[in-house]
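Accompanying notes for the structure given below.
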């Protein structure tokens with residue numbers, strides 16, 4: 002019908018002034034010619050005019066562009082139709098449009114005016130705000146980082162986000178702390194799985210400027226342990242691994258306590274700082290560990306025997322039983338390796354066996370079972386002559402150990418004759434023992 006009415010208009014039929022009957026008669030009379038016109042219009046190839054109908058132009062009525070059915074001279078360029086107050090009612094360039102002398106199709110497509118792509122080639126540096134004023138184009142938001150720098154100092158012309166770069170030089174004394182901007186809203190903030198840091202620690206303590214012009218990247222941060230005296234396990238505990246903290250793939254952690262072996266940590270309920278606080282690094286070091294245990298530096302200097310044995314009163318054989326060995330015990334060598342009467346065997350020791358070893362003396366008479374604390378007292382050294390147990394049978398003040406224990410093997414029960422000969426009394430007070 003649209004084509005029919007257009008054809009009738011071309012034929013000069015005054016439809017608006019015709020009566021209803023006259024209109025009906027005219028339509029019926031001219032219908033054959035209208036059908037022919039419609040067939041001709043549907044087969045018409047608009048490409049032959051040099052102006053293909055594509056995008057939004059396909060939806061525009063013919064008479065919108067071809068006013069009064071005049072085809073010749075219809076504009077083919079954007080400005081011919083899309084000017085302000087145009088008679089075709091076409092969308093025109095707004096007053097607040099970006100100032101440009103380029104043709105519309107340089108940025109816009111026939112699909113829609115929205116989604117324009119602007120080429121910034123040739124735009125003078127430092128002139129971003131000429132267009133990006135919040136009216137003509139997106140401007141600097143109210144919560145933007147406080148700065149007087151030109152947009153181009155940080156943003157790229159391909160997209161405002163992510164920020165391509167930021168020159169931190171000259172910020173000293175301007176910003177109170179890094180978090181003034183890096184709060185997760187204005188700029189990248191501290192991730193939820195950031196490594197634990199002391200309260201009030203400044204970002205710049207670890208994220209040191211990597212260029213002379215100022216901070217360049219959060220990557221490659223360096224860890225600084227200044228002021229840390231406790232809570233080491235929150236970063237170096239056995240449950241921490243290479244994916245626990247953001248940006249840290251390697252971190253030194255407490256080795257497992259089992260199975261027993263040269264790569265396992267001695268069983269301990271003490272905190273890391275009880276033994277290893279003196280091993281805390283000085284100054285800044287790489288956040289990603291470059292050395293892993295053994296040899297990570299956590300035992301330099303080696304913890305003292307008093308630190309290791311703090312609070313230990315029994316259960317010695319859980320660490321010192323036959324053939325046992327642990328990570329780092331090489332720092333405590335024994336000397337000599339052959340039992341010597343009256344000697345003090347300092348260093349890491351395991352239960353003596355008939356043959357000497359790196360961490361044991363040769364003593365074929367030594368008991369093969371039982372806890373060390375049954376005979377030995379103190380943790381500074383294993384004495385060649387055992388210490389008297391707290392529940393030892395009473396004996397005379399003048400008696401010596403060898404008076405009853407005639408063998409080097411103290412697990413061999415002395416003879417009844419020797420026991421009674423060296424008792425506190427040989428004639429009375431039997432009830433003291435019996």
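Numbering (the numbering used here), first residue to last: 2 to 435.
All C-beta atoms in this analysis are idealised placements derived from N, C-alpha and C, irrespective of residue type, glycine included.
Treat the numbers as computed from the prediction; the structure is a model and nothing was measured.
Residue span of the beta strand (DSSP E) that contains residue 287, given as start and end = 285 to 287
Three-way DSSP call (helix, strand, coil) for residue 191 in this model = coil
Run of the alpha helix (DSSP H) containing residue 223, from where it starts to where it stops = Segment 223 to 225 is the beta strand (DSSP E) holding residue 223; no alpha helix (DSSP H) there.
Status (buried if at least 16 other CB within 10 Å, exposed otherwise) for residue 367 = buried
Apart from the five residues just before and just after residue 1, which ones in its own chain have a Cβ nearer than 6 angstroms to its Cβ?
-> Outside the modelled stretch of the chain, which goes from 2 to 435, sits residue 1, for which no answer is possible.
Can you give the Cα-Cα distance for residue 334 and residue 316, rounded to whole angstroms?
-> 22 angstroms
Could you check where the alpha helix (DSSP H) with residue 81 kicks off and where it finishes?
-> 79 to 82
Straight-line Cα distance separating residue 420 from residue 295 = 51 angstroms
What are the boundary residues of the alpha helix (DSSP H) that residue 421 is part of?
-> 417 to 422
So, do the stretch 293 to 310 and the stretch 241 to 249 have three or more beta carbon pairs nearer to each other than 8 angstroms?
-> no
Do you know whose CA, among 96, 99, 189, 79, lies nearest residue 111's CA?
-> 79
Going by DSSP, what residues sit across from residue 354 in a beta bridge?
-> 363
Could you check the C-alpha separation between residue 375 and residue 392 for me, to the nearest Å?
-> 10 angstroms
Integer Cβ distance of residue 361 from residue 350, believed to fall under 8 angstroms | 6 angstroms
Excluding sequence positions up to five away, which residues of its chain have a Cβ less than 6 angstroms from the Cβ of residue 131?
-> none
Coil, strand or helix - residue 330 by DSSP | helix
Rounded separation between residue 138 and residue 99 - CA only | 7 angstroms
Given residue 208, which residues of its chain have a CB within under 6 angstroms of its CB, disregarding the five upstream and five downstream residues?
-> 219, 222
Are the beta-carbon atoms of residue 358 and residue 324 separated by less than 9 angstroms?
-> yes
What is the residue span of the alpha helix (DSSP H) that residue 274 lies within?
-> 273 to 277
Alpha helix (DSSP H) runs wholly inside the stretch 40 to 127, at least 4 long, in chain order | 63 to 66, 79 to 82
Identified DSSP bridge partners for residue 440 = Residue 440 cannot be examined here, being either before or after the span of the chain that is shown, 2 to 435.
Cα-Cα separation, residue 74 to residue 159 | 39 angstroms
How would you call residue 71, buried or exposed, if buried means at least 16 neighbouring beta carbons within 10 angstroms?
-> exposed
Measure the CB-CB distance between residue 423 and residue 405 and report whether it falls below 9 angstroms.
-> yes
For residue 309, the first and last residue of its enclosing alpha helix (DSSP H) | 306 to 309
Confirm, please, whether the CB-CB distance from residue 415 to residue 407 is below 9 angstroms.
-> yes
Given that a residue counts as buried once 16 or more other Cβ atoms are within 10 Å of its Cβ, and exposed if not, what is residue 288?
-> buried
Going by beta carbon distance, what residues of the same chain come within less than 7 angstroms of residue 56, once the five residues before and after it are set aside?
-> 110, 111, 112
Assuming residue 332 contacts residue 356 (C-beta within less than 8 angstroms), just tell me the rounded distance between them.
-> Actually they are not in contact, since the Cβ atoms of residue 332 and residue 356 sit about 23 angstroms apart, beyond 8 angstroms.
Ordered along the chain, which non-local residues of its own chain (more than five positions away) have a Cβ less than 7 angstroms from that of residue 184?
-> 190
The alpha helix (DSSP H) spanning residue 318 covers which residue range?
-> 318 to 321
Cβ atoms of residue 146 and residue 187: under 9 angstroms apart, would you say?
-> yes
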